[in-house]
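Below you'll find the structure, written out as structure tokens, and then a few comments.
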Amino acid sequence: MSSTRRLPRARRRARGAARTLVAVLAGLVLCLGLTLVAPGWFADPAPGTASAPVDARADVERARETLTALDTVPGQSIARYYREAFGTAWHDLDRNGCDTRNDVLRRDLDDAVLKEGTNGCKVLSGVLVDPYTGDRVEFVSGTDTSARVQIDHLVPLAWAWRHGAEFWSDEDRLAFANDPDNLRATAGAVNQSKGDSGPVEWMPPAEASHCAYAADYIAVLGEWDLGVTGDDRTALEQVLARC
Numbered sequence: 032m033s034s035t036r037r038l039p040r041a042r043r044r045a046r047g048a049a050r051t052l053v054a055v056l057a058g059l060v061l062c063l064g065l066t067l068v069a070p071g072w073f074a075d076p077a078p079g080t081a082s083a084p085v086d087a088r089a090d091v092e093r094a095r096e097t098l099t100a101l102d103t104v105p106g107q108s109i110a111r112y113y114r115e116a117f118g119t120a121w122h123d124l125d126r127n128g129c130d131t132r133n134d135v136l137r138r139d140l141d142d143a144v145l146k147e148g149t150n151g152c153k154v155l156s157g158v159l160v161d162p163y164t165g166d167r168v169e170f171v172s173g174t175d176t177s178a179r180v181q182i183d184h185l186v187p188l189a190w191a192w193r194h195g196a197e198f199w200s201d202e203d204r205l206a207f208a209n210d211p212d213n214l215r216a217t218a219g220a221v222n223q224s225k226g227d228s229g230p231v232e233w234m235p236p237a238e239a240s241h242c243a244y245a246a247d248y249i250a251v252l253g254e255w256d257l258g259v260t261g262d263d264r265t266a267l268e269q270v271l272a273r274c
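The sequence shown runs contiguously to residue 274 in the numbering used here.
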């Protein structure tokens with residue numbers, strides 16, 4: 032395995048273009064006066080049916096296909112993991128003037144209050160609905176309070192190191208550590224409980240979050256061409272089977 036195992040940048044850009052096209056088409060449908068119902072992972076089915084929403088089913092099927100295509104690896108590394116291999120936290124790789132942590136806080140917090148004079152970057156406060164528990168967490172920036180909301184790497188850096196990232200270039204590891212698709216604002220205690228655990232060791236406390244977590248986890252593995260152990264593959268397959 033080498034750094035070329037990562038999905039080529041051109042294909043990553045193509046994925047982004049496809050997402051943009053979908054958004055544009057959705058907007059056109061709305062302009063025509065059609066009603067779109069936002070799908071949910073666990074929306075109640077209509078009476079007499081047991082079908083999941085169409086988009087949710089498509090996401091699950093896509094996750095299954097991606098998982099099947101992933102290499103099975105031992106989940107061990109030659110060299111010992113060290114955090115600095117992924118660069119220092121946090122960077123401004125998209126050059127929007129804001130570091131990745133504040134980008135994620137602005138994206139994931141409700142009622143975010145931004146500090147004046149920071150070009151809309153520095154988040155002072157907000158409310159997080161934790162994606163792993165559903166709990167509401169008040170965020171206030173400060174030495175003693177910021178840790179209540181932390182940024183979780185969906186696929187942990189140490190886990191990624193053991194499943195292929197050890198052989199990446201420094202540039203790719205830095206990009207992975209700051210990839211917004213692999214980042215979630217979460218309650219500090221939940222993030223600490225997860226640590227660098229993989230799917231066989233850890234799933235969100237709220238069972239209702241398992242499907243989205245597994246699908247998003249698999250999407251990151253596929254996007255970055257990381258391998259998966261047999262045990263983690265089985266754990267993910269079992270989650271998807273219940274979705």
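All C-beta atoms, glycine included, are put in the ideal place defined by N, C-alpha and C.
#1: Is the Cβ-Cβ distance between Asp183 and Leu159 less than 9 angstroms?
#2: State buried or exposed for Asp254, treating a residue as buried only when at least 16 other CB atoms are found within 10 Å of its CB.
#3: Asp262: buried (16+ other C-beta within 10 angstroms of its C-beta) or exposed?
#4: Name, in chain order, the residues that DSSP records as bridge partners for Val168.
#5: Starting from Arg215, follow its DSSP beta bridges and name the residues at the other end.
#6: Only counting the same chain, and skipping five residues up and downstream in sequence, which positions put a Cβ closer than 7 angstroms to that of Arg137?
#7: When the distance is taken between beta carbons, is Ala243 closer than 9 angstroms to Pro162?
#8: Which word fits Ile109, buried or exposed, when buried means at least 16 other C-beta atoms lie within 10 angstroms of its C-beta?
#9: I need the boundaries of the beta strand (DSSP E) containing Val144, first residue and last residue.
#10: Of the choices Asp139, Ala87, Ala208 and Leu185, whose alpha-carbon is the least far from that of Tyr248?
#11: Using DSSP with H/G/I as helix, E/B as strand and the rest coil, what is Thr131?
#12: How many angstroms separate the CA atom of Asp134 from the CA atom of Thr260?
Short version:
#1: By 1-based counting over the sequence shown, the position of residue 183 is 152. By 1-based counting over the sequence shown, the position of residue 159 is 128. Contact: no.
#2: Taking the sequence shown and counting its residues from 1, the one referred to as residue 254 is at position 223. One detail in the question is off: residue 254 reads as Glu in this sequence, not Asp. Looking at its Cβ environment, which holds 16 or more other Cβ atoms inside 10 Å, Glu254 is buried.
#3: The sequence position of residue 262 within the sequence shown is 231, counting from 1. By the neighbour-count rule (16 or more Cβ atoms within 10 Å), Asp262 is not buried but exposed.
#4: On the sequence shown, position 137 is the one that residue 168 refers to. The partner list for Val168 (beta bridge, DSSP) reads Leu159.
#5: By one-based count along the sequence shown, residue 215 stands at place 184. Its beta-bridge partners are Asp183.
#6: Taking the first residue of the sequence shown as position 1, residue 137 is located at position 106. Contacts found: Ala143 and Val154.
#7: Here residue 162 is taken as the residue at index 131 of the sequence shown, counted from 1. Here residue 243 is taken as the residue at index 212 of the sequence shown, counted from 1. Yes; because the gap between Cβ atoms is below 9 angstroms, this pair is in contact.
#8: Residue mapping note: residue 109 aligns to position 78 of the sequence shown, counting from 1. Exposed is the call here.
#9: To locate residue 144, count along the sequence shown from 1; it is residue 113. Run containing Val144: Asp141 to Leu145, per the beta strand (DSSP E) assignment.
#10: In the sequence shown, the residue the question calls residue 248 occupies position 217. Of Asp139, Ala87, Ala208 and Leu185, the residue nearest in Cα terms is Leu185.
#11: Taking the first residue of the sequence shown as position 1, residue 131 is located at position 100. Three-state result, Thr131: helix.
#12: Translated into the one-based positions of the sequence shown, residue 134 becomes position 103. Translated into the one-based positions of the sequence shown, residue 260 becomes position 229. In a straight line, the C-alpha of Asp134 is about 32 angstroms away from that of Thr260.
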